[in-house]
Amino acid sequence: MEEVTYQGLTFEPYIRREEIAKQVRRLAQEIKRDYANEKPLFLCVLNGSFIFAADLFRACDLHDAEITFIRFKSYEGMESTGKVKEIMGLSEDLSGRNILIVEDIIDSGVTAAQLRKELAKHNPKSVKMVSLLFKPDALTVGEGPEYVGFKIPSKFILGYGLDLDGLARNLADIYVLKEK
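Mapped onto numbering that gives the first Met the number 0, the consecutive letters of the sequence shown carry residue numbers 0 to 179.
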């Protein structure tokens, strides 16, 4: 793994693809154990978590599991409202379902807390969250995910679905912004 540069910023290797795969398998084992006799709905939050969600969903190998994809609308014009105004793409009936939110990264927890609150309005049986990455020191709202791949410090990272203005999602490894 070598350094990569995007938009004039240099990123150094942080988490190798082999370590990512190992954590995905571990998370899948935990989820498969916890949902063995259930029919969970994996709720993949786009755009960042699509690679993680696909790898995790395959690794879980739950016969009756389903997956769907959602996006948030939290902007008015070019300004973020800081609140989830709309969950786009949610067409499934969640009543009585076990929902597993799949996130790439949780930092402040604002969006995650709002999503949990919105989903609760649909009367699911349960709502849990899995996140590949979690920044516990940055958490200001709500609770962290029930399933965590890596706990990391509050640094800017990219790769494996995480981006910088839409770039670098395709990197198989995760990189961290190099300190000057």
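From the three backbone atoms N, C-alpha and C, an ideal C-beta is built for every residue, glycine too.
Since the structure is predicted, the reported quantities are computational estimates derived from the model, not experimental observations.
* Is DSSP giving phenylalanine 49 helix, strand or coil here? -> Working through the sequence shown from its first residue, we reach residue 49 at position 50. Reduced to three states, the DSSP call for phenylalanine 49 is helix.
* Asked: Which runs of the beta strand (DSSP E) fall wholly inside the stretch 103 to 150 and span at least 3 residues, in chain order?
  -> 125 to 133, 146 to 150
* Asked: In terms of residue numbering, what span does the alpha helix (DSSP H) encompassing glutamate 17 cover?
  -> For the purposes of this step, residue 17 is taken as residue 18 along the sequence shown, with counting starting at 1. Per DSSP, the continuous alpha helix (DSSP H) segment holding glutamate 17 begins and ends at 16 to 33.
* Use the C-beta contact count for alanine 20: other C-beta atoms within 10 angstroms, 16 or more gives buried, fewer gives exposed. => Taking the sequence shown and counting its residues from 1, one reaches residue 20 at position 21. Per the 10 Å Cβ criterion, exposed.
* Option in Ser153, Lys134, Gly143, Pro135 with minimal Cα separation from valine 126 -> Locating residue 126 in the sequence shown gives position 127, counting from the first residue. The shortest C-alpha separation from valine 126 is found at Gly143.
* Asked: If you run the structure through DSSP and keep just helix, strand and coil, what is arginine 168?
  -> As a working note, residue 168 is residue 169 in the sequence shown. Note: arginine 168 maps to coil in three-state DSSP.
* **Neighbourhood of isoleucine 100 by C-beta, 6 Å cutoff - its chain only, sequence neighbours within 5 removed** => For the purposes of this step, residue 100 is taken as residue 101 along the sequence shown, with counting starting at 1. Excluding sequence neighbours, isoleucine 100 sits near Leu42, Met128.
* Can you grab the Cα-Cα spacing for the pair glycine 47 / leucine 161, in whole Å? => As a first step, residue 47 is located in the sequence shown; it is residue number 48 there, counting from the start. As a first step, residue 161 is located in the sequence shown; it is residue number 162 there, counting from the start. C-alpha separation (whole angstroms): 5 Å.
* To do: Examine the ligand SAM and report whether any of its heavy atoms sits within less than 7 Å of the Cβ of glycine 148.
  => Looking at this structure, you won't find the ligand SAM or any other ligand, since it has none at all.
* **Collapsed DSSP secondary structure at arginine 70 in the structure displayed** => In the sequence shown, the residue the question calls residue 70 occupies position 71. Reduced to three states, the DSSP call for arginine 70 is strand.
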